[in-house]
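At position 167 of the sequence shown the residue is numbered 167 (full-length UniProt numbering), and the sequence of numbers has no breaks. Single-structure report; data block below.
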Amino acid sequence: MLGASCIRTRLSLSTEYEIYMDELIGYVTDHSWLSDSVLRYGLAVMTRGIENAVTISSFAFPQTHFPKQELFALRHVILLVNQGNCHWTVIIVRVEQHRQLSVYFYDPLNSDGNKEQLKQLWKDAFLPFLQRWHTEVKADTVAVIPFPDKVHVYSISTPTQPDGSGCGVMVLGMVHSFLTGQRGFELDVDTRQVIKVMRLRLQCVIMHRSTVHTISADDKQAASETERELVKFFKEN
């Protein structure tokens, strides 16, 4: 793939999700904070083929439309939350047996202030959104079952990020642990080396599962010229 790609090569999963090679290299392989587009794309890759999981972004709140699936036909509803335009956290709602709901708050910094903001977002926006979703999206042949009177609330305190830019990677790791049922991620003591491995795995998964689009003639010519200039530079030096 890399041999046929340039920095502006477009990768996509569908018409809704796409990313460019420079974003993948700049945000994922470096030590950078993951942008919204990269994080959403990574989650789209992770949830592809999983019909009982839905991802929502806090940037879209308050939403006026709902996913097409019935709420209680799902297993997980994932809300990505960007706090202060510089930190990623997540709220994960899990549908339990007997149509009960549990909600999990995860902040990679394990900050009391951040978790309080997540709880407030849950109370003021996300919970009412789920209640409206349950009422408005239902099968015509199924009687509406009342929304649960009580939602079980949990706060996840581990693992915490070992650096200043790994929050997005940590959020992806936590979501993956819920989707796969492998909850050992919560118990791991993450180090900077582990974060590097997680970034590398994310890059590999994205590249492997994406459709690679042919670059334009102009981009191809520009890439060739850049390659020639680099070869010339290194030969002379």
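Even for Gly, the Cβ is constructed at its ideal location relative to N, Cα and C.
Scanning its chain for C-beta atoms nearer than 8 Å, with the 5 sequence neighbours on each side dropped, one finds around Arg209 the residues Leu13, Val45, Arg48, in chain order. For Gln203 against Leu24, the beta-carbon gap comes to about 6 Å, under 8 Å, which counts as contact. One alpha carbon belongs to Gly166, the other to His65, and they sit about 31 Å apart. Annotation for Arg99: no alpha helix (DSSP H) segment contains it, and DSSP assigns it neither H nor E. In the three-state DSSP reduction, Glu236 falls in the helix class (H, G or I). Between Leu71 and Ala53 a beta carbon distance of about 12 Å is seen, past the 8 Å cut, so the two are scored as non-contacting.
Around the C-beta of Asp149, fewer than 16 other C-beta atoms lie within 10 Å, and the residue is accordingly described as exposed.
When secondary structure is reduced to three states using DSSP, Arg209 falls in the helix class. In the structure shown, the three-state DSSP call for Ile145 is coil. As the crow flies, the alpha-carbon of Ala217 is around 11 Å from that of Ser224. Of all alpha-carbon atoms in Met21, His31, Arg201, Ile19, the one lying nearest the alpha-carbon of Gly164 is that of His31.
Your pair Arg192 and Pro162 checks out as a contact, with CB atoms roughly 5 Å apart and the cut at 8 Å.
For the pair Leu11 and Gly168, the CB atoms are not nearer than the 7 Å cut-off. When the beta-carbon positions are compared, Asn110 and Ser35 stay at least 7 Å from each other. Taken through DSSP and simplified to helix, strand or coil, Tyr41 comes out as helix. Under the three-state reduction of DSSP output, Thr9 falls in the coil class, being neither helix nor strand.
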